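Numbering (the UniProt record's numbering), first residue to last: 1 to 386.
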Amino acid sequence: TSSPPPLRPFFQTTAMQQLRPSVVFSAMTYNVLSSSYANPSMYGYCQPEFLDWQVRGNNVLLEIYRFMSDVINLQEVEMEQFENFFLPHLQTKGYHGQFTPKSRVLTMSEPKKKLVDGCAIFWKAQKFSLVSVKGISYRDLVMQNTARSEDMMNRVCNRDNIGILAVLKTTTDAWTYGPPVYPNDVEQFLIVANTHLHWDPQYADVKIIQTMIMISEILSLADNVRTSFSRPDKVLLFSDIRILLCGDFNSLTNSGVFQFLSTGQLPLNHPELQGFDYFHAIAKILGRECYGGITHPLNLSSACSPQIMPYTNYSYGFKEMIDYIFYSPSNLACLGVYGPISQDWFNLFNVVGCPHPFIPSGISFSSGSVISNVCLNGFDVRVLHG
């Protein structure tokens, strides 16, 4: 037995500009661990009753309620859990939500479809309204773009990882210190992207390709928002659209995935691409040649560093940071993040890994959940409003 873990510390990273119209919101990313994977053979150190969804699901929900983040990104949510558990419970707390299952759902019988997991995005309806939503199947997008090199077909196209994109706009109630000076500025656009990349370390190249496709989809959606919502009295620029990219990336901070997202570039001879023939396939997906390297213009920053959050996964034999919240620092400011549960607690009670009676998921300690990492507690709209 053990005592409950201590409260997680909050680290302020940026001082908020006070007394001016602002939108401050919090964001969470959390892999809730699909019931399909939460079994005693995988987590033998956890008492079976705490792996059962009836118990664990309620503990996951309590963890979400503890933070009540304005934007919640969940991975490994089963379709039935979304429809009959998370959505109805969170609706009572003022949230709306959307869900995309893994692409294998198209090949399943009706009973089995309910057990397919995927990604979900929830948002507080008081602060945001939904403009549009789009599910992303990395495999299908590779096929649609005829990016069919043999390596792409053999390594990428047999993985059914997915993502989901939601375009949100701020409401009048989202603003603190009064509304903006110009009424047309009340509605600010935020693209929220949530994904769960392939898990296998031997397929780091697949994770890079999946990440590249996600970035391409974000860029395409941002351009669509810009053209669709520009008006004669207010022309939207690309820099007016805010980006929040969350998820379980199954990638360390020294990985090609993290390098590509945080620096905007990755050489084609990166060792994690393993020399596979992706050059022409990547060019087709991006719609342009990529001599020497893959690039993107989003200029993303990670909300949380390993110095603050050394692990987002605390399972037996693996304790690393693999879950992230990225944001566009040119028009958003991260005010702070939640750190981990104290290592002293794990040591004191000899907790070798999670799930645990007090920590219902051993997969993602990302923000605002369980040991989770990053609660982006807000963005100062000096940058949000530009």
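Glycine residues also receive a C-beta, built at the ideal position from the N, C-alpha and C atoms.
As the structure is a computational prediction, the values presented were derived from the model and not from experiment.
Is it the case that the Cβ atoms of residue i and residue j are separated by a distance below 7 Å?
i: Ala-125; j: Phe-82; result: no
i: Ser-342; j: Pro-6; result: yes
i: Leu-300; j: Leu-261; result: yes
i: Val-71; j: Trp-123; result: yes
i: Met-309; j: Pro-355; result: no
i: Val-105; j: Arg-155; result: no
i: Ala-27; j: Ile-325; result: yes
i: Leu-236; j: Ile-191; result: no
i: Tyr-45; j: Tyr-316; result: yes
i: Val-32; j: Glu-76; result: yes
i: Ser-34; j: Glu-63; result: no
i: Phe-358; j: Pro-4; result: yes
i: Val-23; j: Trp-199; result: no
i: Gly-256; j: Thr-295; result: no
i: His-96; j: Leu-61; result: no
i: Leu-298; j: Ile-243; result: yes
i: Met-153; j: Ala-281; result: no
On the three-state DSSP scale, how would you describe residue i?
i: Thr-14; result: coil
i: Arg-231; result: strand
i: His-89; result: helix
i: Ser-364; result: Note that Ser-364 has pLDDT 39, beneath the 50 cutoff, so the model's placement of it is unreliable and no number is given.
i: Phe-25; result: coil
i: Glu-217; result: helix
i: Gly-163; result: strand
i: Asp-277; result: coil
i: Ser-129; result: strand
i: Ile-191; result: strand
i: Ser-251; result: coil
i: Ile-208; result: helix
i: Val-238; result: For the sequence presented, residue 238 should be read as Phe rather than Val. Three-state DSSP puts Phe-238 in a helix.
i: Phe-318; result: strand
i: residue 393; result: Only positions 1 to 386 of the chain appear in this structure, which leaves residue 393 out of reach.
i: Tyr-203; result: helix
i: Asp-117; result: strand
i: Ile-308; result: coil
i: Val-105; result: helix
i: Asn-39; result: coil
i: Asn-313; result: strand
i: residue 392; result: What the structure shows of the chain is the stretch from 1 to 386, and residue 392 is not part of that stretch, so it cannot be assessed.
i: Asn-31; result: strand
The beta strand (DSSP E) spanning residue i covers which residue range?
i: Arg-242; result: 242-248
i: Tyr-338; result: 336-338
i: His-96; result: 95-101
i: Phe-260; result: Note, Phe-260: premise wrong, no beta strand (DSSP E); alpha helix (DSSP H) at 256-263.
i: Ile-294; result: 293-295
Excluding five sequence neighbours on each side, which residues of the same chain lie with their C-beta closer than 8 Å to the C-beta of residue i?
i: Glu-150; result: Asp-277
i: Ile-213; result: Ile-136, Tyr-138, Leu-141, Val-142, Ile-285
i: Ile-162; result: Thr-100, Pro-101, Lys-102, Ser-103, Gly-118, Cys-119, Gly-135, Ile-136, Ser-137, Tyr-138, Thr-195, His-196
i: Leu-51; result: Ala-38, Asn-39, Pro-40, Tyr-43, Pro-355
i: Gly-247; result: Thr-29, Asn-73, Gln-75, Cys-119, Gly-163, Ala-193, Asn-194, Thr-195, His-196, Leu-197, Asp-323, Tyr-324
i: Lys-169; result: Phe-128, Ser-129, Val-131, Glu-187, Gln-188, Phe-189, Leu-190
i: Val-116; result: Glu-78, Met-79, Pro-101, Lys-102, Arg-104, Val-105, Met-108
i: Cys-375; result: Note that Cys-375 has pLDDT 29, beneath the 50 cutoff, so the model's placement of it is unreliable and no number is given.
i: Asp-380; result: Caution applies to Asp-380, whose pLDDT of 35 falls short of 50 and renders its modelled position unreliable; the value that the coordinates give is listed next. Excluding sequence neighbours, Asp-380 sits near Thr-14, Met-16, Gln-17, Ser-22, Val-24, Ala-333, Leu-335.
i: Lys-113; result: Met-79, Pro-101, Val-105
i: Glu-289; result: Ala-283
By DSSP's criteria, residue i is part of a beta bridge. Which residues make up the other side?
i: Phe-122; result: Ile-72, Gly-97
i: Ser-301; result: Tyr-327
i: Leu-168; result: Leu-130, Leu-190
i: Gly-135; result: Ile-164
i: His-356; result: Ile-359
i: Val-77; result: Gly-118
i: His-196; result: Ile-162, Asp-248
Considering just the uninterrupted stretch of the alpha helix (DSSP H) at residue i, what are its terminal residues?
i: Val-142; result: 138-144
i: Pro-111; result: 110-113
i: Tyr-327; result: No alpha helix (DSSP H) holds Tyr-327; the beta strand (DSSP E) holding it covers 323-327.
i: Phe-346; result: 343-348
i: Gly-57; result: 53-67
Enumerate in chain order the residues of its own chain whose CB-to-CB distance from residue i is below 7 Å, with the five nearest sequence positions on each side excluded.
i: Asn-145; result: Lys-284, Ile-285
i: Gly-94; result: Lys-124, Ala-125, Gln-126
i: Gln-210; result: Tyr-138, Asn-161, Leu-197, His-198
i: Gly-293; result: Gln-265, Leu-266, Pro-267, Leu-268
i: Phe-11; result: Ile-308, Gly-336, Val-337, Gly-339
i: Arg-56; result: Ala-38, Phe-50, Pro-355, Pro-360
i: Gln-259; result: Leu-266
i: Pro-179; result: Pro-21, Thr-172, Val-186
Near residue i, what residues of its chain come up, given a Cβ to Cβ distance below 6 Å and the 5 sequence neighbours on each side ignored?
i: Ser-2; result: Phe-349
i: Asn-377; result: Confidence at Asn-377 is low in this model, with a pLDDT of 34, below 50, so the placement of that residue is unreliable and no value is reported for it.
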